[in-house]
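First the structure, in the form of structure tokens, and then the observations on it.
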Amino acid sequence: MHKDNIITVLISVIASVVVSVALASVVAGKGSATAGSQNMNQAIEDYLMNNPLKVREALVLAEQQEQIEAQKRIAESYKANIKELNNADNSPFVGPKNAKVTIVEFFDFNCGYCKRLAPEMMKVIKANPDVKFVFKPVTFLGSLPTAKAAMAAYKQGKFLEVYEALLTHNGQITPAVIDEVIKSAGLDVAKTKEIMESKEVKEALDNITTLSQKVSIRGVPTLIINGEPLQAIEQGPIQNAIDNAK
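Going by numbering that gives the first Met the number 0, 166 is the number at position 167 of the sequence shown; the sequence numbering is gapless.
Here's what the structure looks like:
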């Protein structure tokens with residue numbers, strides 16, 4: 000929890016004690032200001048020491064509320080930037096460009112959960128030819144060469160083949176693995192490497208990074224359907240969300 004929120008919660012707890020002590024003093028109608036202050040300080044200390052669970056409950060509740068507010072802000076950010084998110088001019092995509100339903104995936108080729116999601120995504124893609132899927136590879140986990148390879152494959156019409164092969168690969172994705180995947184996709188390795196180092200690929204990945212920061216992508220995989228966050232990494236829930244959006 001943010002430090003300022005912790006302080007706010009503690010102040011709220013302490014304030015409730017202060018009010019209780021103040022009311023008690025009014026009812027009693029006696030005692031000096033100094034004595035009242037001492038009593039108040041002692042009451043606060045006693046409350047905090049004798050009710051650690053109450054304090055903890057207040058902190059947990061505040062943290063939960065903070066998470067809800069953060070999720071709300073992120074969802075609002077998705078909505079505000081939906082055109083940029085759904086824009087496939089500089090990102091790999093499959094499906095109709097003007098589809099009614101668009102799913103955006105932010106992912107990292109070195110992310111374990113992204114690897115787990117990949118087979119499910121492939122099933123969903125094949126089952127929904129009328130849906131646009133936009134792919135935003137990020138490089139949070141040191142996957143820049145892999146992201147470059149995927150972007151270069153997209154420029155040659157082979158993104159899905161490379162996407163699936165790299166994300167379902169068991170073990171570390173080395174330069175040799177990338178070369179083998181490129182070959183298996185029917186692409187020329189030398190030409191693909193040239194495209195990987197092109198200004199066009201660099202700018203596309205830079206734009207994706209900038210967008211991920213703009214909409215507060217804090218982890219991967221992140222799925223967004225028509226501007227709404229989608230909390231799922233299995234085919235069933237993803238398909239349900241698609242059906243509901245149609």
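Think of the CB as a built atom: it goes at the ideal place given N, C-alpha and C, for glycine as much as any other residue.
query, result
"The segment 134-153 contacting the segment 162-172, beta-carbon criterion three pairs below 8 Å", "yes"
"Straight-line Cα distance separating Thr191 from Val103", "25 Å"
"Limits of the beta strand (DSSP E) - the one that Pro136 falls within", "Lys131 to Pro136"
"Sufficient close CB pairs (3 or more, under 8 Å) joining the segment 107-127 to the segment 216-236", "yes"
"Alpha helix (DSSP H) runs contained entirely in the segment 178-222, provided each spans 4 or more residues", "188-195 and 198-213"
"Under the three-state DSSP convention, the category Ala237 falls into", "Checking the displayed sequence, the identity of residue 237 turns out to be Ile instead of Ala. Of the three classes helix, strand and coil, the one that applies to Ile237 here is helix, per DSSP."
"Backbone CA spacing between Glu233 and Gln155 [nearest angstrom]", "29 Å"
"Sequence-distant residues of the same chain with beta carbon closer than 7 Å to Asn206, five excluded per side", "Asn89"
"Val161 and Tyr77 closer than 8 Å at C-beta", "no"
"Whether Asp101 touches Val133 by CB criterion (8 Å)", "The amino acid occupying residue 101 in the given sequence is Thr; Asp does not appear at that position. Their beta carbons are under 8 Å apart, which means Thr101 touches Val133 by this criterion."
"Alpha helix (DSSP H) segment containing Leu116, residue limits", "Gly111 to Ala126"
"Inter-residue spacing [alpha-carbon to alpha-carbon] between Tyr259 and Ala61", "The structure shown does not extend to residue 259, since the chain is modelled only from 0 to 245, so the question has no answer here."
"Residue ranges of each beta strand (DSSP E) within the segment 63-109, 3 or longer", "101-106"
"Alpha-carbon to alpha-carbon, Met120 and Gln64", "32 Å"
"Three-way DSSP call (helix, strand, coil) for Pro228 in this model", "strand"
"Pair within 8 Å by beta-carbon distance, Pro228 and Ala87", "no"
"Span separating the alpha-carbon of Lys198 from that of Pro51", "58 Å"
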